[in-house]
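First up is the structure itself, then whatever we jot down about it.
There are 2 protein chains.
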Amino acid sequence: MKWDEINNEQCSVARSSAVLGDRWTLLILSDCFLGVRNFAEFQERLEIPRTTLANRLQKLEQHDVLYRKLYQTNPDRYEYRLTNKGSDLYPVLSTILNWGDKYYSDSAGPPILREHMPCGHDIQPVLKCPECEEGVHAHNIRARIRPQDKTLSDVKRGPVLRRG
Amino acid sequence: MKWDEINNEQCSVARSSAVLGDRWTLLILSDCFLGVRNFAEFQERLEIPRTTLANRLQKLEQHDVLYRKLYQTNPDRYEYRLTNKGSDLYPVLSTILNWGDKYYSDSAGPPILREHMPCGHDIQPVLKCPECEEGVHAHNIRARIRPQDKTLSDVKRGPVLRRG
DNA sequence: CTAGTTAGTCTAATAAATAGACTGAGTCGA
DNA sequence: TCGACTCAGTCTATTTATTAGACTAACTAG
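So the sequences go chain by chain: R and U. Mapped onto the working numbering, the consecutive letters of the first sequence carry residue numbers 519 to 682. Mapped onto the working numbering, the consecutive letters of the second sequence carry residue numbers 519 to 682.
Quick look at the structure:
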């Protein structure tokens, strides 16, 4: 993995990691989904160094995850909002939240509840199959290379075969 | 966010970010789900510096995401495997894969297919509500503080209210 | 005895993150 | 018009993390 040639990478996890893979980005995005928009509010809530925050916001803008929107003139001030591509990261944040809630919350339970507006329940969303409605988890999914790649060696980071 | 006091944090995203939040960890975990187990194989597939790999594997072991299993004696050699806690990260990796597939794959489509073994289809798993079976996305979920926290100010990183 | 395997460690150089002061363009109140 | 305040950053010097690549350890196989 050469991070300066990431655009030539096929692997979706690698491409995504180039955007999401650091200490702060997931936290910034989490705040975005909670309604945070401007620099000072991110900075205070996260206690993130201003330099780092500025760098991250710029990077997320470059990757079309956030966009800057003018919300005041004299002086011009911009806030940061999720693009559609950014909003599509909600399932990622939500599953991270599920995991954190399961393994790190204290006896009082998760600090933030998620209400599913169509039905009104507080939920932990689950991953399902769009074809058969059954659950999806590590042990009932098999990774395969696509048909046009004939052999495993055509793929840099394909599945590893064992006893098969 | 003080990263050396992360254990006192309530926020599930913060706790999870302390484990997952860096360049390499998501890629390492992705390889774990694809069946990679030993040091050399991680190192070659990811082209990760050996020092960094050793540090990451140790960190993941400390956080009970991976465990070391003796697979050979003379000399003793260990491989790295997912714990149950680690396997529970599958939804996170899977939603990241969905996002990467959507925004970064070329005309040939995603390089890795995921077959749902119960039904045999190649799928992109979707996030659903366990109560009403309807889809879950950024715009039909409302974050709320839990009842025992009376006001927003009781929560460091709760939802931001707007026009309400 | 030599080469090969695997899982690391060591070192020096480079890159990134950090704390905290500072800047710039304005508003508001007295 | 002065002084204090707001907000979105930038600047600098220091600390921390990452990196490439050589090296080590404990064996096996020929």
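Every residue, glycine too, gets a C-beta built ideally from N, C-alpha and C. Everything numeric in this text was worked out from a predicted model, so none of it was measured.
- Among the residues of chain U, those whose CB is under 9 Å from the CB of R/D606 are N616, W617, K620, Y621, H655, A656, following chain order.
- DSSP places R/L631 in the uninterrupted beta strand (DSSP E) bounded by 630-634.
- Only residues of its own chain outside the window of five on either side were considered, and among them A532 have a CB closer than 7 Å to the CB of U/M519, listed in chain order.
- Between U/T613 and chain R, the shortest Cβ-Cβ separation is below 8 Å.
- Within the same chain, Cβ atoms closer than 6 Å to the Cβ of R/D582 are found at T601, K603, the five residues on either side in sequence being excluded.
- Residue state for R/G618 is assigned as helix, using DSSP reduced to three classes.
- Secondary-structure assignment with DSSP links U/K646 through a beta bridge to R/V644, U/G653.
- U/Q528 and R/Y622 have their C-alpha atoms roughly 8 Å apart.
- The Cβ atoms of R/G553 and U/R541 do not sit closer than 8 Å to each other.
- Counting along the chain, R/R541 sits inside no alpha helix (DSSP H), nor does DSSP assign it H or E at all.
- About 5 Å separates the beta carbons of R/E652 and U/P636, which is inside the 8 Å limit, making them a contact pair.
- Apart from sequence neighbours up to five positions away, the residues of its chain that approach R/E597 with a beta-carbon distance below 6 Å are R555, N556, K587, Y589, ordered along the chain.
- Look at U/E579 here: in three-state DSSP terms it is helix.
- Across the segment 628-649 of chain U, CB contacts with chain R closer than 8 Å involve P628, P629, I630, L631, R632, E633, H634, M635, P636, C637, H639, D640, I641, Q642, P643, V644, L645, K646, C647, P648, E649, in sequence order along the chain.
- Rounded to the nearest whole angstrom, the CA to CA distance from R/L571 to R/Q561 is 7 Å.
- The beta carbon of U/I546 does not come within 8 Å of any beta carbon belonging to chain R, so the residue lies off that interface.
- Fewer than three pairs of CB atoms, one per stretch, sit closer than 8 Å, so the segment 626-642 of chain U makes no contact with the segment 613-633 of chain R.
- Comparing alpha-carbon positions, the option among R/I641, R/D522, R/I566, R/K668 lying closest to R/T543 turns out to be R/I566.
- Ranked by Cα distance from U/R595, the first of U/L607, U/A558, U/L545, U/P677 is U/A558.
- Taking a Cβ-Cβ threshold of 7 Å, none of the residues of chain U is close to R/S625; the smallest such distance is about 11 Å.
- Taking 8 Å as the upper bound for CB-CB distance, U/S535 and R/D619 are not in contact here, some 14 Å apart.
- Of the candidates R/A626, R/P665, R/V537, R/A626 places its Cα closest to the Cα of U/P665.
- In terms of CA proximity to R/H655, U/S605 leads the group U/S605, U/N592, U/W521.
- Secondary structure of U/E597 (DSSP, three-state): strand.
- Counting every other CB atom within 10 Å of its CB across the protein chains shown gives U/K646 a total of 16 or more, marking it as buried.
- Looking at the DSSP output, R/L588 shares a beta bridge with R/Y596.
- Secondary structure note for U/R563: its alpha helix (DSSP H) is the uninterrupted segment 557-564.
- Boundaries for U/I524: no beta strand (DSSP E) harbours it, and the DSSP string shows neither H nor E there.
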